[in-house]
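> To start, I am sharing the structure in question, which I have written as structure tokens.
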Amino acid sequence: MATKVYVDPACNILYSSFYIEGLRQLYGYNNVVFCSKPFKALRYGNENFLLAFVIEGNKYIIDPVDFNTIQYVDFVEWADVYGKVNYNARNIPLEYVHKVVPVGANYGIACYGNNREINILWAVKHYWQCRNRLDYTWSSYLCRYLTMYKRKEEKGRLFSLNNKVFFVSRYWEGQNDANEARINFVRACRRLHEEGIISFVGGMVPDRRNSTCPKDVKLEKEIPLHEYIAGVQTSVLVFNTPAYHGCHGWKLPEYMSQGAVIMSTSFNNELPVALEHRKNIFFVNKDEDSLYDAIKTVVSDKELCESMHKNIKEYWNEYASPQACMKLFLGL
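Residue numbers for the sequence shown follow our numbering, beginning at 2 and rising by one.
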């Protein structure tokens with residue numbers, strides 16, 4: 002008899018979709034069942050993004066929240082295994098070190114397809130199952146499904162050994178570390194552009210009208226989505242830096258899924274399997290001169306680019322894709 006996976010319909014579907022897709026690939030679509038009965042002890046607030054599921058009586062939680070500290074002790078107590086995306090061993094209480102483990106980073110996937118009406122129907126069904134355990138409204142619950150269906154399947158990168166670099170990022174007020182790294186990356190790229198070493202397009206888009214974003218890196222308007230996608234697809238490298246509260250963010254796994262040549266500042270949190278400098282990622286300090294030197298090194302070394310492109314695709318397939326991520330987490 003096929004193994005059944007029981008998923009809590011109270012989960013935040015947008016943040017859980019990556020892992021649900023992995024479970025479906027491992028166990029079969031029809032064997033992953035949303036059912037509220039095994040999860041009656043769990044209540045969810047609006048900011049609770051956790052995914053709970055049960056396989057053969059074993060209780061699992063995946064915690065994708067931005068913080069690398071334990072925020073939901075009641076969920077840790079409930080679980081047999083508690084996977085944390087932003088895992089830092091120093092911040093795990095001693096009484097939980099036996100059950101809290103790192104799990105691969107995620108991004109939103111349209112796990113019910115791109116049809117709006119179908120997603121609404123699933124939202125209605127799932128909400129009805131778990132409504133008595135939610136401390137927030139139907140409209141907030143539905144919003145996750147209405148965001149999820151717009152997510153597109155990640156396309157493979159148009160890998161080419163050119164000298165084009167494209168980078169557009171949001172300037173988030175109050176997120177000083179991430180903003181500093183991204184500003185310095187833009188400035189380093191513009192220096193290299195002026196020297197004729199790369200062809201650079203990009204900058205920072207303020208998150209509000211009265212932004213403190215420096216004028217020399219500020220873009221006055223949003224980049225149309227099709228231009229953004231085309232720019233990223235043809236960029237010789239991409240830039241990653243820990244995001245909100247130092248978390249991994251969605252960009253890192255998205256870049257991995259595309260086989261991108263990834264340049265990144267150091268991580269605050271651990272991955273289940275570490276990335277290796279110059280093998281499948283290029284780590285760099287966040288000051289402008291270090292970024293300048295690193296970009297110049299990478300774009301001028303075609304063999305390095307080809308090797309990193311190949312190796313990050315292998316890493317993705319073996320450890321980080323939805324199926325590989327869940328297989329590693331479950332010890333299969």
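Backbone N, C-alpha and C define an ideal beta-carbon position, used for all residues, glycine too.
In this text, all values refer to a predicted model and were calculated from it rather than measured experimentally.
Using only alpha-carbon positions, find the residue among Phe240, Tyr245, Gly250 that is nearest to Phe284.
Among Phe240, Tyr245, Gly250, the Cα nearest to that of Phe284 is on Phe240.
> Could you tell me the alpha carbon to alpha carbon distance between Gly1 and Val300, rounded to whole angstroms?
With the chain running from 2 to 333 in the structure shown, residue 1 is simply not present.
> Is the CB-CB distance between Asn281 and Tyr316 below 7 Å?
Going by C-beta atoms, Asn281 is nearer than 7 Å to Tyr316.
> What would DSSP say about Lys287, mapped onto helix, strand or coil?
Lys287: coil per DSSP, three-state reduction.
> Using a 10 Å radius around the Cβ and a threshold of 16 neighbouring Cβ atoms, would you call Cys12 buried or exposed?
Under this definition Cys12 is a buried residue.
> What did DSSP end up calling Ala53 once you bin it into helix, strand or coil?
If DSSP states are grouped into helix, strand and coil, Ala53 belongs with the strands.
> Rounding to the nearest angstrom, what Cα-Cα distance links Tyr128 and Thr235 in this structure?
Taking the straight line from one Cα to the other gives about 41 Å.
> Which whole-angstrom value is the C-beta distance of Val86 and Ala106, which I expect to be below 8 Å?
That belief holds up - the Cβ atoms of Val86 and Ala106 are roughly 6 Å apart, short of 8 Å.
> Looking at Ile296: is its Cβ nearer than 7 Å to the Cβ of Leu193?
It is a contact, given that the beta carbons lie within the stated cut-off.
> Whole angstroms are fine: how far does the CA of Asn318 sit from the CA of Ile71?
The alpha-carbon atoms of Ile71 and Asn318 are separated by roughly 29 Å.
> List the whole-angstrom C-beta distance separating Val102 from Gly84, where the pair is believed to meet the contact cut-off of C-beta under 8 Å.
The Cβ separation is near 6 Å, so the contact holds.
> Considering only their Cβ atoms, is the gap separating Ile63 from Val33 smaller than 7 Å?
For Val33 and Ile63, no; Cβs fall outside 7 Å.
> In or out: Cys190 buried (at least 16 other Cβ within 10 Å) or exposed?
Per the 10 Å Cβ criterion, buried.
> If we call anything under 7 Å between Cβ atoms a contact, is Leu292 one with Phe186?
The answer is yes: Cβ separation under 7 Å.
> Ala3 to Asn120, Cα distance in whole Å?
Cα to Cα, the separation comes out at about 26 Å.
> So the candidates are Asn286, Thr298, Met257; which of them puts its Cα closest to the Cα of Cys326?
Cα-wise, what sits closest to Cys326 is Met257.
> Measuring only the C-alpha atoms, how far is Ala90 from Val237?
Spanning the two alpha carbons is a distance of roughly 34 Å.
> In the DSSP output, which residue or residues are listed as bridge partners for Lys60?
Note: Lys60 sits in a beta bridge opposite Val55.
> Taking only three categories from DSSP, how would you classify Glu196?
Coil, per DSSP.
> Going along the chain, which unbroken runs of the alpha helix (DSSP H) with 4 or more residues stay wholly within the region 190-270?
Those alpha helix (DSSP H) runs which fall completely within the region 190-270 and span 4+ residues are 226-234, 252-258.
> Could you have a look at Phe35 and say whether DSSP puts it in helix, strand or coil?
Three-state DSSP puts Phe35 in a strand.
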